[in-house]
Amino acid sequence: MANTVRPCLTFKDGAEEAVKFYVSIFPNSKITNITRVENDGGPIPKGKLLNATFELDGMEFVAFDGGESFSFTEGISLLVNCKTQEEVDRYWSKLTADGGEEGPCGWLKDRFGVSWQIVPEYERDVEDEEAGHRDIGEGLQGRAGSVTDRPKLTLERTFEATPEEVWELWTTKDGIESWWGPEGFSVAVSALDLRPGGELRYAMSAVGADQVEYMKQAGMPLTSHHRVRYTQVEPPHRLVFMELADFIPGVEPYEVETAVELEQTGGSVHMVLTFEAMHDERWTELARMGREGELRRLAQVLAARE
12 MANTVRPCLT FKDGAEEAVK FYVSIFPNSK ITNITRVEND GGPIPKGKLL NATFELDGME
72 FVAFDGGESF SFTEGISLLV NCKTQEEVDR YWSKLTADGG EEGPCGWLKD RFGVSWQIVP
132 EYERDVEDEE AGHRDIGEGL QGRAGSVTDR PKLTLERTFE ATPEEVWELW TTKDGIESWW
192 GPEGFSVAVS ALDLRPGGEL RYAMSAVGAD QVEYMKQAGM PLTSHHRVRY TQVEPPHRLV
252 FMELADFIPG VEPYEVETAV ELEQTGGSVH MVLTFEAMHD ERWTELARMG REGELRRLAQ
312 VLAARE
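Under the numbering used here, the sequence shown is numbered contiguously, ending at residue 317.
Here it is as structure tokens:
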């Protein structure tokens, strides 16, 4: 039985190429029908795609070419739930390839202009620490000694680098400016005092076209000023700081704790990034997705040094 409701994607041109591209990326996906123009003399040349029906992970879609009057916007996006970091990285890499655009907070556009949200799933049981929910670290969990009662989120990465190289990118002006902030944003450090009680001050600005539009629609300034207060500095293995969240419309400022732990493992360094949840689930999700984007940029900077 056909689905009662099916999304229909109308491309300017290249619908057939897009459909083949999409089904090559996702499991349980296939093209179920392609209808082509059979006769000459019409507005669409003979042999050209008339419409296509296809499935992505079992969900049915329709696609066709509509001409220059059609375009996609962020008002409609396709959301991909990922169970592992490997899935996040794979889908992100494939969908942004060959002319796609990276956006903030897990958003991207593929080369055909379709918007996607790549969203890691994470465990929401904050009391089940003994079950070991640190695999990929997408889980919320409590931790003894926390400054606040808000739960924690943990992300883990392994880099082909030394602890000293990663530490430098977390603790120097040039290092911070090279990767900090989500995709489409730039950071300018104005003050850095790396010691317990010392502060980092920086400005973060939206510079990508999509990010500028997103910030305007959210009613947020294109440039925001941030202040970090260091509480633990143990080079090159542990860094803990409190960041003031004073940029959220209608919410009283509050501090968010972040801890970075670096451990040498053979010729690589294993990094554990732990940070507090925000004041509600929506802002916690935005913060987590922003951190994911930051870590992709960090990995790119480290890879470029090889």
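Here a beta-carbon is modelled for each residue, glycine too, at the ideal position from N, C-alpha and C.
Cα-Cα separation between residue i and residue j, rounded to whole angstroms
i, j, result
"S40", "F65", "7 Å"
"F252", "I42", "50 Å"
"E49", "K57", "5 Å"
"L306", "D257", "23 Å"
"M231", "Q222", "11 Å"
"Y265", "P247", "28 Å"
"L309", "E167", "13 Å"
"V125", "G78", "15 Å"
"A199", "W191", "10 Å"
"V267", "E113", "26 Å"
"R302", "E296", "10 Å"
"R238", "V177", "21 Å"
"F123", "G111", "8 Å"
"G208", "R249", "15 Å"
"V51", "V16", "Here the sequence assigns Asp to residue 51, which means Val is not the residue at that position. Rounded to the nearest angstrom, the two C-alpha atoms are 33 Å apart."
"V262", "Y225", "19 Å"
"G195", "R212", "20 Å"
"M70", "L20", "13 Å"
"C93", "Q128", "10 Å"
"S189", "D68", "37 Å"
"W118", "L89", "10 Å"
"R161", "V73", "44 Å"
"E210", "E245", "15 Å"
"Q96", "K120", "20 Å"
"L164", "P18", "34 Å"
"S80", "E175", "53 Å"
"G219", "R47", "38 Å"
"Y241", "L180", "16 Å"
Which residues DSSP lists as bridging residue i, in chain order
i, result
"S197", "S216"
"L273", "M282"
"E266", "L255"
"P131", "C93"
"E179", "E179 pairs with nothing; no bridge assigned."
"E305", "Note: E305 sits in no beta bridge, so no partner."
"V239", "L211, E254"
"R249", "E245, E272"
"V73", "C19, T64"
"N44", "T64"
"F170", "V280"
"K120", "E112, S126"
"L203", "L211"
"S88", "S126"
6 Å Cβ shell around residue i - same chain, five flanking residues per side excluded
i, result
"D76", "F22, D24, A26"
"S6", "The first residue shown for the chain is 12 and the last is 317, placing residue 6 beyond what the model contains."
"A270", "V251, T285"
"K105", "I36"
"A315", "none"
"L313", "F170, A172"
"E254", "V239, V267"
"A217", "F196, V223, M226, L233"
"I45", "A63"
"T107", "E113, L119"
"D109", "R122"
"A229", "none"
Rounded Cβ spacing between residue i and residue j (contact assumed at less than 8 Å)
i, j, result
"V5", "V91", "Residue 5 lies beyond the residue range present for the chain, which begins at 12 and ends at 317; the question has no answer from this structure."
"T173", "V283", "T173 to V283, Cβ: 16 Å. No contact."
Contact set for residue i: own chain, Cβ-Cβ below 8 Å, skip 5 residues either direction
i, result
"P38", "D68"
"G278", "E171"
Own chain partners of residue i with C-beta closer than 7 Å, once the 5 adjacent residues on each side are dropped
i, result
"E287", "T159, R161, K163, V267, E268"
"Q311", "none"
"R299", "L164"
**Asked** Does the region 29-38 touch the region 79-87, meaning 3 or more C-beta pairs lie closer than 8 Å?
**Response** no
**Prompt:** Is the region 182-192 close to the region 289-297, with three or more CB pairs under 8 Å?
**Reply:** no
**Message:** Quick test of the definition: if touching needs 3 or more C-beta pairs under 8 Å, does the region 99-107 touch the region 59-73?
**Reply:** no
**Asked** With a cut-off of 8 Å, do at least 3 Cβ pairs link the region 196-203 to the region 269-280?
**Response** no
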